[in-house]
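**Q** Going by this note's numbering, the first residue of the sequence shown is number 1, and it counts up by one from there.
Just so you know, even glycine gets a beta-carbon here, dropped at the ideal spot from N, CA and C.
Handing you a structure now.
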Amino acid sequence: MNYKQNLKLARVIKGKIQADIASILGMQTAQYQRYESGLRQLSIEDYKTLADYYNCTIDQLCGRNPYIENQEAAEGKDEE
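Next up, the structure:
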């Protein structure tokens with residue numbers, strides 16, 4: 001998985017919508033959507049904020065390490 005897939009997966013597993021995560025990062029929903037779609041890259045500070053929020057590592061969010069071992073657990077959970 002790559003970073004944009006991991007951003008979405010983490011959000012969906014947490015049961016949040018894009019507007020919720022945008023609010024946590026202090027930005028507009030449209031701006032966060034660009035990160036999740038891969039049009040823009042998050043800053044390291046935003047990655048740190050999200051890693052703390054999702055209780056994972058930045059490497060997991062960036063796709064360097066698997067975010068979850070069993071991706072099938074998240075299948076079917078999709079919003080926005």
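Given this structure, state the Cα-to-Cα distance separating TYR54 from ARG34, to the nearest angstrom.
**A** The straight-line gap from Cα to Cα measures roughly 19 angstroms.
**Q** Where do the N-terminal and C-terminal ends of the alpha helix (DSSP H) with SER43 fall, by residue?
**A** Where SER43 is concerned, there is no enclosing alpha helix (DSSP H), given that its DSSP letter is neither H nor E.
**Q** Label ASN6 either buried or exposed according to how many other C-beta atoms from any shown protein chain fall within 10 Å of its C-beta, with 16 as the threshold for buried.
**A** Per the 10 Å Cβ criterion, buried.
**Q** Please classify LEU9: is it buried, with 16 or more other beta-carbons within 10 angstroms of its beta-carbon, or exposed?
**A** Label assigned to LEU9: buried.
**Q** Report the CB separation of TYR32 from LEU39 in whole angstroms; it is logged as a contact under 8 angstroms.
**A** Not quite, the Cβ-Cβ distance comes to about 11 angstroms (not below 8 angstroms), so this is no contact.
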